[in-house]
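J.: full-length UniProt numbering puts the sequence shown at residues 1 to 270.
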Amino acid sequence: MYYVGFDIGSSSIHVAVIDEEGKLKYVKESIPHFGVPLKRLPEIWESIKPELDGEILSTSFTGIGAQLFNKVFPELLFDYESVTIPKGASFLEPNVSYVFHIGAKDSYFLRLGHLKDKVNLLEWSANSKCGGGSGILVEKQLKRLYLKNDSEFFQLDDYSQKIKLMKRLYAQAENEAKEYSDIQGFNARCGVVIQSDLIHEQNEGAQRPFLVAKLYSTVARNYKNDVIGARELDPSLSAIATGGVFSSDYILKSFNMLTNLNVKRPKYHT
Numbered sequence: 001m002y003y004v005g006f007d008i009g010s011s012s013i014h015v016a017v018i019d020e021e022g023k024l025k026y027v028k029e030s031i032p033h034f035g036v037p038l039k040r041l042p043e044i045w046e047s048i049k050p051e052l053d054g055e056i057l058s059t060s061f062t063g064i065g066a067q068l069f070n071k072v073f074p075e076l077l078f079d080y081e082s083v084t085i086p087k088g089a090s091f092l093e094p095n096v097s098y099v100f101h102i103g104a105k106d107s108y109f110l111r112l113g114h115l116k117d118k119v120n121l122l123e124w125s126a127n128s129k130c131g132g133g134s135g136i137l138v139e140k141q142l143k144r145l146y147l148k149n150d151s152e153f154f155q156l157d158d159y160s161q162k163i164k165l166m167k168r169l170y171a172q173a174e175n176e177a178k179e180y181s182d183i184q185g186f187n188a189r190c191g192v193v194i195q196s197d198l199i200h201e202q203n204e205g206a207q208r209p210f211l212v213a214k215l216y217s218t219v220a221r222n223y224k225n226d227v228i229g230a231r232e233l234d235p236s237l238s239a240i241a242t243g244g245v246f247s248s249d250y251i252l253k254s255f256n257m258l259t260n261l262n263v264k265r266p267k268y269h270t
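1. Pick out whichever of Tyr98, Lys105 and Ser58 has its Cα sitting closest to the Cα of Asn256.
2. Going residue by residue through the stretch 76-115, where are the continuous beta strand (DSSP E) segments of at least 3 residues, counting only ones entirely within it?
3. Does the stretch 52-65 come into contact with the stretch 180-189, if we say contact requires no fewer than three beta-carbon pairs (one atom in each stretch) closer than 8 Å?
4. If you draw a straight line from the C-alpha of Leu215 to the C-alpha of Val245, how long is it?
5. Determine the extent of the beta strand (DSSP E) in which His14 is found, giving its start and end residues.
6. Here's the rule: buried if 16 or more other CB atoms are within 10 angstroms of the residue's CB, otherwise exposed. What is residue 273?
7. Using a threshold of 9 Å, state whether the C-beta atoms of Glu93 and Ile240 are closer than that.
8. Unbroken beta strand (DSSP E) runs of length 3 or more, entirely within the stretch 12-69: which are they?
9. Start and end of the beta strand (DSSP E) containing Ala173?
10. If you draw a straight line from the alpha carbon of Leu114 to that of Pro86, how long is it in whole angstroms?
11. Taking contact to mean 3 or more Cβ pairs, one atom from each stretch, closer than 8 Å, check whether the stretch 31-48 and the stretch 2-13 are in contact.
12. From Leu112 to Ala16, what distance separates their C-alpha atoms?
13. Between Val227 and Ser107, how many whole angstroms is the CB-CB distance? I'm expecting something under 8 Å.
14. Express the C-alpha separation of Gln67 and Ser60 in angstroms, rounding to a whole number.
15. Return the CA-CA distance between Pro37 and Ser12, expressed in angstroms with no decimal places.
16. Would DSSP call Asp7 helix, strand or coil?
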């Protein structure tokens, strides 16, 4: 018998399954929903069932995309990310103290404490309204840099082809950014201004690998400045990175350099 958890984020759906003993049974690769999560959910549900050899006892939801679900379905189980991220982080890394999270829209910093088998949220901060360090900013700029125009993406009728295209863009960007191992980001904090600065440098002749590296460095720096702020972090404490943006080795490395930390990225970090 199993319990299924859905995290419906701003851009993707994440699924994890545990058994009656609380052991992780199955994790599905993050699935982009491209703005229509309710359309993707039935497909994901059908893809999960063959992976399990027993009955599904219950489902629960989290994420910004699911906040209104229990208004329509009052019996639906829902928890805010301030609850689910600490629990999930402690599940992956039982003694974790710091959690650094960058999602498509929202970014968080969490400091956790542990008392026996209970996890306590000691400190929490989130990004400001400016999107200078979000996954949406990264996705938008990679489309600009790697596609001739947006129609190349939006004209794809096959949902799976859109996913393959975006995976290819992220992989290509990661590979090209490696050419610039230590680079300063754009000076801007706001996503709109960052895009403007990027376009300006592109028009001045800057090459794509340089621009991607500069964009990624900007995301890491803005997350540190906007979300962590002036906090003094203890490098001896266990720290992990979560959220899709930290899938980038370049961004994680840049963040570690900025903070002088050794932040781990768990296998199931999204």
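Ideal Cβ placement from N, Cα and C applies to all residues, glycine included.
Nothing here was measured: the structure is a model prediction, and the numbers come from that model.
T.: With the structure as the only source:
1. Position 256 of the sequence shown, counted from the start, is the residue given in the question as residue 256. With distances taken between Cα atoms, Asn256 lies closest to Tyr98.
2. Counting only runs of 3 or more, we get 98-102 and 107-115.
3. With a cut-off of 8 Å on Cβ pairs, the stretch 52-65 is not in contact with the stretch 180-189, counting fewer than three such pairs.
4. Against the sequence shown, residue 215 aligns to sequence position 215. Against the sequence shown, residue 245 aligns to sequence position 245. Here the alpha carbons of Val245 and Leu215 stand approximately 12 Å from one another.
5. On the sequence shown, residue 14 is found 14 positions in, with the first residue counted as 1. Unbroken beta strand (DSSP E) run through His14: Ser12 to Asp19.
6. As shown, the chain starts at 1 and ends at 270. That puts residue 273 outside it, with no answer to give.
7. Reading the sequence shown from its first residue, position 93 is the one you call residue 93. Reading the sequence shown from its first residue, position 240 is the one you call residue 240. With respect to the 9 Å criterion, Glu93 and Ile240 are classified as neighbours on the basis of their beta carbons.
8. The stretch 12-69 contains these whole beta strand (DSSP E) runs: 12-19, 24-32 and 56-62.
9. To locate residue 173, count along the sequence shown from 1; it is residue 173. Where Ala173 is concerned, there is no enclosing beta strand (DSSP E), although the alpha helix (DSSP H) it sits in stretches over Tyr159 to Ala177.
10. As a working note, residue 114 is residue 114 in the sequence shown. As a working note, residue 86 is residue 86 in the sequence shown. Position check: residue 114 holds His in this sequence, whereas Leu was assumed. Rounded to the nearest angstrom, the two C-alpha atoms are 11 Å apart.
11. Taking 8 Å as the limit for Cβ pairs, the verdict is that the stretch 2-13 does touch the stretch 31-48.
12. Within the sequence shown, numbered from 1, the residue matching residue 112 stands at position 112. Within the sequence shown, numbered from 1, the residue matching residue 16 stands at position 16. Going from the Cα of Leu112 to the Cα of Ala16 covers about 22 Å.
13. Within the sequence shown, residue 227 is the residue found at index 227, counting from 1. Within the sequence shown, residue 107 is the residue found at index 107, counting from 1. About 5 Å separates the Cβ atoms of Val227 and Ser107, confirming a contact at the 8 Å cut-off.
14. Against the sequence shown, residue 60 aligns to sequence position 60. Against the sequence shown, residue 67 aligns to sequence position 67. Their Cα atoms are separated by approximately 12 Å.
15. Your numbering for residue 37 matches position 37 in the sequence shown. Your numbering for residue 12 matches position 12 in the sequence shown. Taking the straight line joining both Cα atoms gives about 8 Å.
16. Taking the sequence shown and counting its residues from 1, one reaches residue 7 at position 7. DSSP places Asp7 in strand when its eight states are reduced to three.
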